[in-house]
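The structure under discussion appears below in the form of structure tokens.
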Amino acid sequence: MFWWILLILLLILLTTLYFLFIYNSGISRCSSSEEIFDETQENNSNNSTKNKREGRNVFKSIYSNIMVKRSASLTSLPLLLRRRHSTVGTGFPKQVIRAAKKIIPDFRQKFSVSSPRDALPKPPSEFFEPLENPQVPDRQKPLFYLKQNTKLLEFPSFCNIKEEDIQLMVFDTNEFIVKPGDADDSIYVVLEGSLAVYISPTQGKKSMVRRIGPSDCFFSPLSLLDIFMGKPSLLKTVSLKATLKTRLAKYSLVNFYNVFIENPDQSAWIRTIQIIATRLRHIVLTTLHQHLGLSEELVNKHSTSSTKKPLKQRGLSLRNYGGGLKPKLQRMSTEFENSNEEIKISIALTYFCEALNISESEGNILIKPYLRFLKLEENQTLYEEGSNDGASIGVVVSGLLKITQESAYSDMSTFGYEDKDSWCAYVNTRELVGGLQFLTDEPSFCTLRAACPSIVALIDKKDADLLIEKKPSLVFPIAYSVLQRLSSFVRAIDFALGWVLLDSGEALYRKNDFSDSVFVALSGRLRSVSEKIVIEEFGRGDVLGIVEVLQQNPRTTTVLAVRYSQLSKIPEGLLNFVKMQFPQVGFRLVRLLGRYYSGRVSSSSPLAIPDPMTQRNLHTIAIFPATFDVPLVAFTCELYHALSVTTKIIRLSSKFVVERLGVEAVMQRKADFRLMHWLNSQEDTYQLVIYECDYTATNWTRRCLSQADAIIVVACGDQKPPEKHFIDEHLKMNQDGIRSRKELVLLWRGADAVPKGTYEWLKGSWFSAHHHIHAPDRMFSWESKVEKNENEILNFYEHHVFPFTIDVHSDFARLGRLLSSNAVGLVLGGGGARGAAHVGLIKALHEKGIPVDIVGGTSIGSLISGILATNPNNMENLEEKVSKWFLGMSSFWNLLLDITWAFSARLTGYNFNKLLKNVFGFKSIEDLWLPYFCVTTDISNSEMRVHRNGQLWRYVRASMTLAVYLPPICDDEDGHYLLDGGYVNNLPADVMRTMGARTVIAIDVSSADEKDFHNYGDYLNGFYAQFHSLLNWQKDAMRILTAQEIQDRLSFVSSVRQLELVKKAPYCTYLRPPIDRFKTLDFPKFNIIQNAGYQYGCETLPELITKNNHLKTLINHGKFSVMRYSPNTFRKGSFTDLAAQISRIPSQHCKSLDDFSKYFEDEDNDEDEEYFEHEEDDSDKGLSNEFILPDEDAILINATINARIITNNEEDFQ
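All residue numbers for the sequence shown refer to the UniProt record's numbering, where the first residue is 1 and numbers rise by one.
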């Protein structure tokens, strides 16, 4: 009975307190203001206290007036009405109106639904949808398809494909179109049906390497070089067969040769030859070497000289060449070195004229003025693999050169893989070198060094260009020398490899297409979409479509080109053929690669929302000014300075390119091969290319936008956005860059500047992301000048900025890390009062110099990360605001006065909201200095929500809303109910990873996961359990979960599972301070918990920095070069590397290569040429290093020397 009376009294007390709260809250509402909070919270606090006192005085005045004048109010009402205008200024009516104005708006704000702001623009439809394929009438298909397949080679304008030269042919199923031994002098284009390409090695049956469908063709551009040089072009191992009844169009390559002979303007063919060489370099050699791991198999080790016999090697293994010369060779070399300059020049001219197929008289005029000699000691390098220095063409005059190449598995030694079988091929006298590098103007594909003391006659690149201008036909023998150096295997593979060029918007493949090929992105950018959802983006070096090919499933997504892109197409049949011939890229390895790639995608958290807008594999950035007031050159220099710490970068402006390529290359509207090739080569050389647009819509601006992986729009934040965004109009007009991502950068002047009004910028145009940057005053030093001198600005930065290290905590450094995928993300987990440890750890991070580029969190983590994002470098502000919030949560009266009838929750949430508003005001997430997100649980759709824009306090409140205790927050955007994000993802490190953070630091402050429970059997008596729970103070008391605890554990099942995945993630640095002794509601212990986090950070972070090379590099300003890759290393893909890591299958070189070599030997060469011979006797290795100079060479050198000596003696005598 006593307990019942006590309970009734308690209810009466609570009811009284509740009504008192309603009365006091009504009074306090008078102090509410409809205006948005300013940044200075101290003034707001003083104003609030003053307004409360004024509100109470108003009510006292109203009450006294009512009591004193109550009797006279009725009789004086007519007079009052007549004199209403005169009584408004003073007295009772004025006080009523004033009180109403202060009370009513606050009630309206509390009980009405706030009107949502307009949604931000969405990406245009072109962002997701590829262009439709053109419809071609049947009668136009032969000519259209032929032009489409040959337009990549850019034949001269006078070389047109005539319809009367096209032959239409029909073949039945299994009928051969061409077989080995047939002439390789035609292009075959499929109109209807299907063809299959087969390769037939000498051992084993033929293998199908490619299927050719409608509109595709059977053709190797390398065959054109044979035809142009008048050499017989025959199919050796390749055959073509119809798999269905097929109708095709045949066009003879001899037509091109006839035009070539008839037209005297041979300079028009130079571009075609360069494109063929570029295709060979990019599509064939790069794909086979860097992505399939082949090296030795690509080079013809036999002599390429057609006029002289090669060196004959006796008793020497090519793999174990030890150097040394036979006395005869050494004597001849010495005689050549000791001869006078004229003799050397005469011999070099003879060799050059033979190699370039010109007469000696022409050689004296064209070549002699540019000749220079280079003496090489043994093992001295002429061309270095991956280097573009010293590009030239040359001929070996004396000695011997050897070709080597770094193995694709050379960097796998740490995984137990050792490629012991080194290899080399040899270049003899009279042979031309440097042709491929000269034609493509790209880094050398292999290393060329002296096998013995040698002399090479060289013509530098600039001089060689002059020679080509004078005699354009010289380009053909140079290209043919490259062709002769290729192995027969490469010539066969060239019929199967595809070269795909896509303009912006064109589809690589579409959803549900048959998966028959793997694609390697060589340049450009592509996007994978499904039902207007971006799945992933691909850049240079990425492999596309491999999972569907290996699993033999239809395409699951549509892939379209974001910008002009170049890809290599590897058919499934070719992949299987290469795996069978060379086990190091075996079938099992590719299967494992497919499983790894598939597992990497599927193992990602199903709760994490992928963000394809992150800076993955970004290679080109276009900087676009929103207005003429933007200091564009200074901004680009600042960004260049920030990125150069961790990235090899180049800045390209119209002025810079004009100085190197000429005005025509920049101002020409149509895409110029020379300019495009030069820009692509810059992407090969540098990790990141910055394109600086012009202020106006010039052709250079259009080119920059079309080449950009991402477009950075720079604006001044203190200015109002223009009514119409010029960039949108430009993109819609030209369709260049409309599919690229756009990011907004707002510059803020002054150290005290605070971002605001970002929504006004974002609502005018679609942006994938935005950034706020403190602009240094030096950026505006040229603001008063009408014309900005670019050289003057660059001069200033080169002398006063670039020599100095950049502050890693600066905004430009953060922007650079975000753009280069080197960002550091900080994730703060939920845990109630234990979240105070976040403050201590953040303080320790700042003291250790670890930058934070992106922040986010759940529950209490969303609150602290939001405060950090408002002022990232002010630790005092962070500690002060969090401590005040903790103090408010420690108030018993705030909790007691918030109690309500538990219809949806036990608390109204009013005081809780009030505490958050005191911290954040009405600031938007878009106005935060740091990129920020918080996680909530959408119980309307039963999914996780990630919030990156909107009102900050509302979404932080939603992320901290525990069910039963607080009512859900109604989202302004869609009306969905939002609860605490801890129910689905209490430590959202996976979300941070999808936002592009390279290093993720995740701090977990959740309660310890208790697992030691009492086994009570198959049933449980509640009274028995309750009785034993009262004895929990005993050490041996049994632990049984209550009904509420069971419900709580069910709510967090998903979150606990996600936490375990995060702990094991390789990208995540998991930190958990020793705070298990603290409870969720220990808000009064803020200082103790904070100090515990700080001490833990001071002890743990030094070890973390030591183990994490990324953080070590950032902190030490690039002293550790872990991210400074060489261009050659950077371009290598992960296709072969992963296979080598997994398998360690030894390389197989000779067997399959010998099969091809034997099959490809010409009959006449069998009689006239002597090839290198292997000696298998181990006793002879390294002992017989004898080289015999061919008799013809010896005779020529001796005759030339003697003739010169006689001539000189006669001159002296005369």
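Even glycine gets a Cβ: it sits at the ideal position worked out from N, Cα and C.
A quick note: this is a predicted structure, and the numbers were derived from the prediction, not measured.
Start-to-end residues for the alpha helix (DSSP H) that takes in residue i
| i | result |
| --- | --- |
| C353 | 341-356 |
| C716 | Premise fails: C716 lies in the beta strand (DSSP E), 710-716, not in any alpha helix (DSSP H). |
| A642 | 632-643 |
| V1000 | Taken as a continuous stretch (DSSP letters only), V1000 belongs to no alpha helix (DSSP H), being part of the beta strand (DSSP E) at 997-1003. |
| T701 | 699-707 |
| A989 | 989-994 |
Simplified DSSP state of residue i, which is helix, strand or coil
| i | result |
| --- | --- |
| W782 | coil |
| M169 | strand |
| I1115 | helix |
| D463 | helix |
| L13 | helix |
| Q274 | helix |
| I793 | helix |
| F577 | helix |
| K141 | helix |
| residue 1217 | Nothing about residue 1217 can be reported from this structure: the residues present for the chain run from 1 to 1214 only. |
| T557 | coil |
| F256 | helix |
| F445 | coil |
| K375 | strand |
| S865 | helix |
| K720 | coil |
| V1056 | helix |
Range covered by the beta strand (DSSP E) that runs through residue i
| i | result |
| --- | --- |
| R749 | 741-749 |
| G394 | 392-398 |
| D542 | Where D542 is concerned, there is no enclosing beta strand (DSSP E), given that its DSSP letter is neither H nor E. |
| R211 | 207-212 |
| K241 | 238-242 |
| C1068 | 1068-1071 |
| Q566 | 565-571 |
| E537 | 534-538 |
| P625 | 620-625 |
Status (buried if at least 16 other CB within 10 Å, exposed otherwise) for residue i
| i | result |
| --- | --- |
| F1023 | exposed |
| W901 | exposed |
| I8 | exposed |
| G840 | buried |
| Q140 | exposed |
| I5 | exposed |
| K181 | Lys is not the amino acid found at residue 181; the sequence shown has Gly there. It counts as exposed. |
| Y564 | buried |
| I1003 | buried |
| A715 | buried |
| T1042 | exposed |
| L14 | exposed |
| Q1047 | exposed |
| R954 | buried |
| P1066 | exposed |
| S428 | According to the sequence displayed, residue 428 carries Asn and not Ser. Counting Cβ neighbours within 10 Å, N428 comes out buried, since at least 16 surround it. |
Checklist entry - Can we say the segment 508-521 touches the segment 463-475, given the rule of at least three CB pairs closer than 8 Å? => result No, they do not touch.
Next on the checklist: Could you check whether the segment 974-987 touches the segment 857-864, counting it as contact only if at least three pairs of C-beta atoms, one from each stretch, sit closer than 8 Å?
Outcome noted: The segment 974-987 is in contact with the segment 857-864.
Next on the checklist: Taking contact to mean 3 or more Cβ pairs, one atom from each stretch, closer than 8 Å, check whether the segment 689-706 and the segment 283-296 are in contact.
Outcome noted: By the Cβ test, the segment 689-706 is not in contact with the segment 283-296, since fewer than three Cβ pairs between them sit closer than 8 Å.
Checklist entry - Which runs of the alpha helix (DSSP H) fall wholly inside the segment 1080-1109 and span at least 4 residues, in chain order? => result Fully enclosed alpha helix (DSSP H) runs of 4 or longer: 1086-1107.
Item to check | Any beta strand (DSSP E) of 3 or more consecutive residues that is wholly inside the segment 910-980 | outcome: Correct list: 932-938, 943-947, 977-980.
Checklist entry - Touching or not, the segment 448-459 and the segment 380-391, by the rule of three or more beta carbon pairs under 8 Å? => result Here the segment 448-459 lies against the segment 380-391, with 3 or more beta-carbon pairs under 8 Å apart.
Next on the checklist: Between the segment 564-573 and the segment 162-171, can you find at least three pairs of beta-carbon atoms closer than 8 Å?
Outcome noted: These segments do not touch.
Checklist entry - Is it true that the segment 252-267 meets the segment 206-214, where meeting means three or more beta-carbon pairs spaced less than 8 Å apart? => result Segments in contact, no.
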